[in-house]
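Participant: Here you go, one structure.
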Amino acid sequence: MSEIVTRFAPSPTGFMHIGNLRTALYSYLLSKSQGGKFILRIEDTDQVRLVDGAVDVILDTLKMTGIEYDEGPDSDGGHGPYVQSQRLPIYKEYAEKLVESGHAYYCFCTQERLDSLKDEKGIGGYDGHCRNLSAEEIRKNISDGIPYVIRQRMPDEGKTSYTDVVYGEVEIDNSELRDQIMIKADGYPTYNFCHVVDDYLMGVTHVVRGNEYLTSTPKYCLLYDAFGWKRPTYVHLPLLMGKDAGGNVSKLSKRHGAVSFQDLVNAGYLPEAIVNYIALLGWCPKESNQEIFSMDELKSNFSIEGLSKSPAVFDYEKLKWFNSEYIKAMPVDKYEEKAVPILENLCADYINKKKLASLLHTRIAYFGEIESFISFVTNRLDMDSSLYTNKKNKTTPENCREVLEDVLPLLESVEDWNNDNLFALLKEYSASKEKKAGAVMWAVRIAVGRQAITPGGATELMEVFGKDESISRIKQALSELS
RNA sequence: GGCUCGUUGGUCAAGCGGUUAAGACACCGGCCUCUCACGCCGGUAACACCAGUUCGAUUCUGGUACGAGUCACCA
Numbered sequence: 025m026s027e028i029v030t031r032f033a034p035s036p037t038g039f040m041h042i043g044n045l046r047t048a049l050y051s052y053l054l055s056k057s058q059g060g061k062f063i064l065r066i067e068d069t070d071q072v073r074l075v076d077g078a079v080d081v082i083l084d085t086l087k088m089t090g091i092e093y094d095e096g097p098d099s100d101g102g103h104g105p106y107v108q109s110q111r112l113p114i115y116k117e118y119a120e121k122l123v124e125s126g127h128a129y130y131c132f133c134t135q136e137r138l139d140s141l142k143d144e145k146g147i148g149g150y151d152g153h154c155r156n157l158s159a160e161e162i163r164k165n166i167s168d169g170i171p172y173v174i175r176q177r178m179p180d181e182g183k184t185s186y187t188d189v190v191y192g193e194v195e196i197d198n199s200e201l202r203d204q205i206m207i208k209a210d211g212y213p214t215y216n217f218c219h220v221v222d223d224y225l226m227g228v229t230h231v232v233r234g235n236e237y238l239t240s241t242p243k244y245c246l247l248y249d250a251f252g253w254k255r256p257t258y259v260h261l262p263l264l265m266g267k268d269a270g271g272n273v274s275k276l277s278k279r280h281g282a283v284s285f286q287d288l289v290n291a292g293y294l295p296e297a298i299v300n301y302i303a304l305l306g307w308c309p310k311e312s313n314q315e316i317f318s319m320d321e322l323k324s325n326f327s328i329e330g331l332s333k334s335p336a337v338f339d340y341e342k343l344k345w346f347n348s349e350y351i352k353a354m355p356v357d358k359y360e361e362k363a364v365p366i367l368e369n370l371c372a373d374y375i376n377k378k379k380l381a382s383l384l385h386t387r388i389a390y391f392g393e394i395e396s397f398i399s400f401v402t403n404r405l406d407m408d409s410s411l412y413t414n415k416k417n418k419t420t421p422e423n424c425r426e427v428l429e430d431v432l433p434l435l436e437s438v439e440d441w442n443n444d445n446l447f448a449l450l451k452e453y454s455a456s457k458e459k460k461a462g463a464v465m466w467a468v469r470i471a472v473g474r475q476a477i478t479p480g481g482a483t484e485l486m487e488v489f490g491k492d493e494s495i496s497r498i499k500q501a502l503s504e505l506s
């Protein structure tokens with residue numbers, strides 16, 4: 025059996041759409057699950073849409089996600105160059121071959137004429153106007169400097185079909201196929217043509233790509249046939265969808281929120297969690313209900329039979345769950361490496377960041393969420409004394425005030441200010457007064473935190489704030505209660 | 001509009017002729033607990049519709065509806 029070769033062929037648009045990343049992932053996994061080869065190719069033939077630094081975005085993303093290519097722009101495997109704009113002579117040569125064999129032809133039609141062919145809905149369709157130009161006319165037009173493109177000649181009748189690995193048999197009437205442009209007037213090839221040439225020349229055996237190519241694939245099959253090349257195996261993937269506020273589903277785009285890999289990383293999602301989640305959007309392991317997968321596990325578990333046919337809606341809630349699982353699984357030192365700097369940026373010097381970070385560890389779904397959790401730390405919030413009322417612990421503003429008065433001098437005398445000592449102290453106090461520990465804790469927690477729900481209990485909060493700030497907050501609370 | 005593909009709970013998704021139709025997220029209860037979170041236990045909720053084929057259809061076939069993709073000198 026010959027080796028499987030797959031590729032990822034993004035356009036350098038400046039950002040990595042999450043759906044595109046998933047395509048890369050599946051392409052990579054398909055190859056690596058079988059010990060095959062994976063190629064990265066940059067499709068930059070649209071000179072109008074070139075963006076500076078866009079290739080770096082692609083390279084960085086693949087690096088961060090652990091999708092490693094065997095051949096690519098910066099690692100030649102003998103099939104280079106891997107950037108299409110550097111392969112222009114190759115496309116020219118192959119296009120000419122097709123002209124010679126009658127599978128393609130020169131077209132000199134103007135944009136105006138093409139536009140006039142479009143219907144009221146703006147749907148175009150070339151009429152084959154230049155199909156049968158004589159050699160004489162072609163020579164004259166070229167020497168007159170009339171711009172031209174090279175078009176693929178589609179069969180007039182019959183059907184073209186192929187077997188897709190996930191969708192099965194796909195058959196299209198040739199009458200549906202337009203004489204598509206292979207080489208543009210600027211001399212650059214179109215995707216429709218050059219990806220076929222490249223895939224063949226680079227030995228790609230399995231073409232993995234989005235479902236939007238399902239119906240144009242017959243044209244590519246015809247190209248393979250015209251060259252006399254063996255067609256690759258096609259693996260079309262269901263699209264990634266987004267749901268808007270109104271509940272409408274459509275192709276995942278910016279209106280649905282953050283959709284680029286970089287956006288998600290910036291929001292504080294971990295690359296491993298993102299990869300894990302998108303791997304499961306359209307693929308499911310066989311004979312297992314496992315959901316948490318490392319890249320190595322994905323490689324060994326991936327199988328093409330697990331691919332789904334139907335589009336999947338990207339669910340930020342589920343992503344959050346994956347991310348929180350990954351955060352919780354982080355070793356403390358690694359977690360602190362990420363969380364503490366964020367807190368240092370946000371909090372005053374006297375705040376115990378490590379402690380705060382540890383309180384947040386099981387509470388945040390992504391790192392960008394930290395800020396929203398700690399407004400009570402960075403400010404003394406406005407509060408209402410009704411917060412002191414708690415039914416379960418039978419607390420009221422009045423009895424909380426008594427507790428705080430009792431407890432203040434006790435706290436002031438604490439030398440070693442940490443959670444364990446503080447907890448023991450308050451526990452002892454509550455026992456001596458025959459109060460519920462919860463009632464004492466409630467009073468202190470509200471006085472110090474100044475909000476109903478806090479990440480952490482009374483004594484944990486006090487450790488975070490340190491002695492001076494804690495005492496100061498209790499004094500303020502007392503003055504507000506009198 | 002033509003063509004192509006799709007349709008299991010709100011979302012992801014197992015199932016591949018006979019099942020009490022898995023599991024996960026979300027949601028709702030309960031337990032744990034210095035509030036919340038974590039953790040644990042439990043619950044609500046689905047085969048788009050109509051015909052066939054069959055002893056028997058969520059599973060096979062056809063149609064309908066709905067959704068999506070595509071019809072560029074973009075990929």
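Going letter by letter, the first sequence gives residues 25 to 506 in the working numbering. Glycine included, every Cβ here is placed at the ideal spot set by N, Cα and C. Computed from a predicted model, the values in this text were never measured in an experiment.
Tell me the residue span of the beta strand (DSSP E) that contains C131.
Facilitator: Position 107 of the first sequence, counted from the start, is the residue given in the question as residue 131. Counting along the chain, the beta strand (DSSP E) containing C131 begins and ends at A128 to C131.
Participant: If Y130 and I174 are in contact, beta carbons under 8 Å, what's the gap, nearest whole angstrom?
Facilitator: Stepping through the first sequence from its first residue, residue 130 is reached at position 106. Stepping through the first sequence from its first residue, residue 174 is reached at position 150. Confirmed, about 6 Å.
Participant: Relative to the C-alpha of E504, which residue among L141, V431, V273 and Y412 is closest?
Facilitator: By 1-based counting over the first sequence, the position of residue 504 is 480. When each option's Cα is compared against that of E504, the closest is Y412.
Participant: Name the DSSP bridge partner or partners of I328?
Facilitator: The residue you call residue 328 lines up with position 304 of the first sequence. BP columns for I328 are empty, so no partner.
Participant: Are the Cβ atoms of W345 and T419 separated by less than 9 Å?
Facilitator: Counting from one through the first sequence, the residue named residue 345 turns up at place 321. Counting from one through the first sequence, the residue named residue 419 turns up at place 395. Contact: no.
Participant: Spell out the partners DSSP gives G96 in its beta bridges.
Facilitator: Your numbering for residue 96 matches position 72 in the first sequence. Answer is S99.
Participant: For I92, collect the residues of the same chain with a Cβ closer than 7 Å to its Cβ; drop the 5 residues on either side in sequence, then sort them by chain order.
Facilitator: Working through the first sequence from its first residue, we reach residue 92 at position 68. In the sequence as presented, Ile is not what sits at residue 92; that position holds Glu. Within the same chain, E92 has no close Cβ partners at all.
Participant: With DSSP run on the structure shown, which of helix, strand or coil describes V228?
Facilitator: Translated into the one-based positions of the first sequence, residue 228 becomes position 204. Reduced to three states, the DSSP call for V228 is coil.
Participant: Please report the straight-line C-alpha distance between V364 and E487, rounded to a whole angstrom.
Facilitator: Looking up residue 364 in the first sequence gives position 340. Looking up residue 487 in the first sequence gives position 463. Cα-Cα distance, rounded: 16 Å.
Participant: Hey, would you say S51 sits closer than 9 Å to F39, going by beta carbons?
Facilitator: Translated into the one-based positions of the first sequence, residue 51 becomes position 27. Translated into the one-based positions of the first sequence, residue 39 becomes position 15. Their beta carbons are not under 9 Å apart, which means S51 does not touch F39 by this criterion.
Participant: Roughly how many angstroms separate the alpha carbons of Y340 and D373, rounded to a whole number?
Facilitator: As a first step, residue 340 is located in the first sequence; it is residue number 316 there, counting from the start. As a first step, residue 373 is located in the first sequence; it is residue number 349 there, counting from the start. One C-alpha to the other measures close to 34 Å.
Participant: Taking the alpha carbon of Y224 as the reference point, which residue from T386, L435, R65 and L74 has its own alpha carbon closest?
Facilitator: Translated into positions along the first sequence, residue 224 becomes position 200. The residue with the shortest Cα to Cα distance from Y224 is R65.
Participant: Nearest to P242 by CA position, among T187, P262 and S327, is which residue?
Facilitator: As a working mapping, residue 242 is identified with position 218 in the first sequence. The residue with the shortest Cα to Cα distance from P242 is T187.
Participant: My understanding is that K310 touches S327, with C-beta atoms under 8 Å, so please give their C-beta distance in whole angstroms.
Facilitator: By one-based count along the first sequence, residue 310 stands at place 286. By one-based count along the first sequence, residue 327 stands at place 303. Taking a contact as a CB-CB distance under 8 Å, the pair K310 and S327 counts as one, their CB atoms being some 6 Å apart.
Participant: Label R163 either buried or exposed according to how many other C-beta atoms from any shown protein chain fall within 10 Å of its C-beta, with 16 as the threshold for buried.
Facilitator: Within the first sequence, residue 163 is the residue found at index 139, counting from 1. By the neighbour-count rule (16 or more Cβ atoms within 10 Å), R163 is not buried but exposed.
Participant: Could you spell out the range, first to last residue, of the alpha helix (DSSP H) harbouring Q500?
Facilitator: By 1-based counting over the first sequence, the position of residue 500 is 476. Here the alpha helix (DSSP H) through Q500 covers A482 to L505.
Participant: Have a look at V72 and N216 and give me their C-alpha separation to the nearest angstrom.
Facilitator: Position 48 of the first sequence holds residue 72. Position 192 of the first sequence holds residue 216. Roughly 17 Å separates the two Cα atoms.
Participant: Return yes when the Cβ of T89 is within less than 9 Å of the Cβ of M319, no when it is not.
Facilitator: Counted from its first residue, the first sequence places residue 319 at position 295. Counted from its first residue, the first sequence places residue 89 at position 65. Cβ atoms of M319 and T89: closer than 9 Å.
Participant: Measure the CB-CB distance between Y515 and A303 and report whether it falls below 9 Å.
Facilitator: This structure cannot settle anything about residue 515, because the visible part of the chain is limited to 25 through 506.
Participant: Using the C-alpha atoms, what's the distance from I170 back to S284?
Facilitator: Within the first sequence, the letter at position 260 stands for residue 284. Within the first sequence, the letter at position 146 stands for residue 170. Taking the straight line joining both Cα atoms gives about 42 Å.
Participant: Which one of N369, D203 and N300 has the shortest CA to CA distance from S348?
Facilitator: Counted from its first residue, the first sequence places residue 348 at position 324. Ranking the options by Cα distance to S348, first place goes to N300.
Participant: At which residues does the alpha helix (DSSP H) containing R111 begin and terminate?
Facilitator: Indexing the first sequence from 1 puts residue 111 at position 87. Where R111 is concerned, there is no enclosing alpha helix (DSSP H), given that its DSSP letter is neither H nor E.
Participant: Going by C-alpha distance, which of L432, I477, G101 and S410 is nearest S496?
Facilitator: By 1-based counting over the first sequence, the position of residue 496 is 472. It is L432.
Participant: Just reading off the beta strand (DSSP E) that T30 is part of, what are its end residues?
Facilitator: Within the first sequence, numbered from 1, the residue matching residue 30 stands at position 6. Counting along the chain, the beta strand (DSSP E) containing T30 begins and ends at V29 to F32.
Participant: Indicate the three-state DSSP secondary structure (helix, strand or coil) for F62 in the structure shown.
Facilitator: Here residue 62 is taken as the residue at index 38 of the first sequence, counted from 1. F62 falls in the strand class under three-state DSSP.
Participant: Look at the alpha carbon of G306 and the alpha carbon of H41, and state the distance between them as a whole number of angstroms.
Facilitator: Against the first sequence, residue 306 aligns to sequence position 282. Against the first sequence, residue 41 aligns to sequence position 17. Computed Cα separation, rounded: 16 Å.
Participant: Apart from the five residues on each side of it in sequence, which residues of its chain come closer than 7 Å, Cβ to Cβ, to Q58?
Facilitator: Locating residue 58 in the first sequence gives position 34, counting from the first residue. Result list for Q58: I28, in chain order.
Participant: Which whole-angstrom value describes the C-beta separation of Y106 and C218, a residue pair presumed to lie in contact below a C-beta threshold of 8 Å?
Facilitator: Position 82 of the first sequence, counting from 1, holds the residue named residue 106. Position 194 of the first sequence, counting from 1, holds the residue named residue 218. Actually they do not touch by this definition, with Cβ atoms about 12 Å apart.
Participant: Please report how far the alpha carbon of G270 lies from the alpha carbon of I394, in whole angstroms.
Facilitator: Here residue 270 is taken as the residue at index 246 of the first sequence, counted from 1. Here residue 394 is taken as the residue at index 370 of the first sequence, counted from 1. So the alpha carbons of these two residues sit roughly 29 Å apart.
Participant: Note down, one range per segment and in chain order, each beta strand (DSSP E) of at least 3 residues found wholly within the stretch 237-263.
Facilitator: Assignment of beta strand (DSSP E) within the stretch 237-263, counting only whole runs of 3 or more residues, yields 257-261 in chain order.
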